[in-house]
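In what follows, a structure is listed as structure tokens, so that the remarks can point back to it.
Numbering (full-length UniProt numbering), first residue to last: 1 to 310.
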């Protein structure tokens, strides 16, 4: 076993189309680190093979629409040709770069949306935690663009969640208006994804606070209001674990500025004037309305956050 890969690439010459086979030796360090994506030869050589295969597949597919079918045209028109080439000879980061390149080439709306989907699927299906931030930044604009595509919105939020090196980066402040728009979306799943992104991506508490406080005060779904309160309680707990008293005092001040008023409003909105303890007891006995139970759970989280911030 010489640990080699046969790399197929399309080569066009005049009116003929043939397949050129090249045997390239695998790179030992990358093969041992990632057995399922063996990396052969030199990057420039591999890229040439990939580019040729993808170009031939596109041009042959176009020719197939206007001419009679022949065996070699059918071969190059196969949808899986480019995918197979990528799986055989490209590293994940090279494939990522090529997917980004597809976005720059596609012009038609449907093709552009399909290219965005391929990129998002790629990102969601991989562990990006160790990828360089500068590399992932190349996908930030495509991801934010996909947030404006109705069919790709949730997938774009998943991709942003997977891009861990970008979390809390200053560039994520650019998502503020988009997140505020989406926490008002009619679809609860979109509102939940936007709220989750606010906690995961945003570093500026004032920007995040306006989004989260809006959900706590105005979202019609009790589950989403609880999700927001759980996030605030988690932030308060993180602040209580600060290394120094000065750092803790600064974090507490920021959190109280953002959430103090809305937490107090949660406590004051008690149905029928009942205390949180009475509502909780009623819920456990099945003698309290759903509204009372929702408020009891919300008030418990609000109390916890306020205690941690006191």
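Every residue gets a Cβ at the ideal spot worked out from N, C-alpha and C, and that includes glycine. Keep in mind it's a predicted model, so treat the numbers as computed, not measured.
If you draw a straight line from the C-alpha of residue i to the C-alpha of residue j, how long is it?
i	j	result
residue 142	residue 116	7 Å
residue 119	residue 111	12 Å
residue 263	residue 232	9 Å
residue 255	residue 174	21 Å
residue 213	residue 157	20 Å
residue 253	residue 198	20 Å
residue 196	residue 227	8 Å
residue 245	residue 134	34 Å
residue 266	residue 106	49 Å
residue 247	residue 306	18 Å
residue 168	residue 270	35 Å
residue 103	residue 131	21 Å
residue 140	residue 237	30 Å
residue 171	residue 188	26 Å
residue 109	residue 124	22 Å
Ignore the nearest five residues each way along the sequence and tell me which others in residue i's own chain have a CB closer than 8 Å to its CB.
i	result
residue 153	146, 147, 182, 190 and 193
residue 113	149, 151 and 152
residue 121	155
residue 243	none
So, for residue i: in the same chain, excluding its five sequence neighbours on each side, which residues have a beta-carbon less than 6 Å away from its beta-carbon?
i	result
residue 166	136
residue 250	none
residue 94	none
residue 129	164
residue 304	233
According to DSSP, is residue i part of a helix, a strand, or is it coil?
i	result
residue 305	helix
residue 299	helix
residue 227	helix
residue 173	helix
residue 219	coil
residue 294	helix
residue 317	Because the chain here runs from 1 to 310, residue 317 falls outside it and cannot be looked at.
residue 232	helix
residue 134	helix
residue 246	helix
residue 91	coil
residue 189	helix
residue 203	coil
residue 261	helix
residue 109	helix
residue 23	Low per-residue confidence applies at residue 23: pLDDT is 47, beneath 50, and the placement is therefore not dependable, though the value from the model is reported in the following sentence. Residue state, collapsed to three classes: strand.
Beta-carbon within less than 7 Å of residue i's beta-carbon, same chain only, minus the 5 sequence neighbours each way: which residues are those?
i	result
residue 235	255
residue 207	173 and 176
residue 204	173
residue 209	258 and 259
residue 302	229, 263, 266 and 267
Contact defined as beta carbons within less than 8 Å: I believe residue i pairs with residue j. What is the distance between those atoms, to the nearest angstrom?
i	j	result
residue 179	residue 211	5 Å
residue 126	residue 97	Not quite, the Cβ-Cβ distance comes to about 14 Å (not below 8 Å), so this is no contact.
residue 201	residue 215	The Cβ separation is near 15 Å, so there is no contact.
residue 298	residue 229	6 Å
Between the Cα of residue i and the Cα atoms of the options, which residue gives the shortest distance?
i	options	result
residue 100	242, 303, 138 and 241	138
residue 311	129, 132, 163 and 239	One cannot answer for residue 311 here, as it falls past the ends of the chain, which runs 1 to 310.
residue 221	104, 305, 307 and 294	294
residue 322	132, 168, 270 and 219	Outside the displayed range of the chain (1 to 310) lies residue 322, so it cannot be described from this structure.
residue 240	309, 304, 261 and 170	309
residue 217	188, 261 and 304	261
I'd like to know whether the C-beta of residue i is nearer than 7 Å to at least one C-beta of chain B.
i	result
residue 92	Of the protein chains in this structure there is only one, and it is not chain B.
Taking only heavy atoms of the ligand MN into account, decide whether any of them is closer than 6 Å to the Cβ of residue i.
i	result
residue 119	Only the bare structure without any ligand can be found here, which leaves the ligand MN out of the picture.
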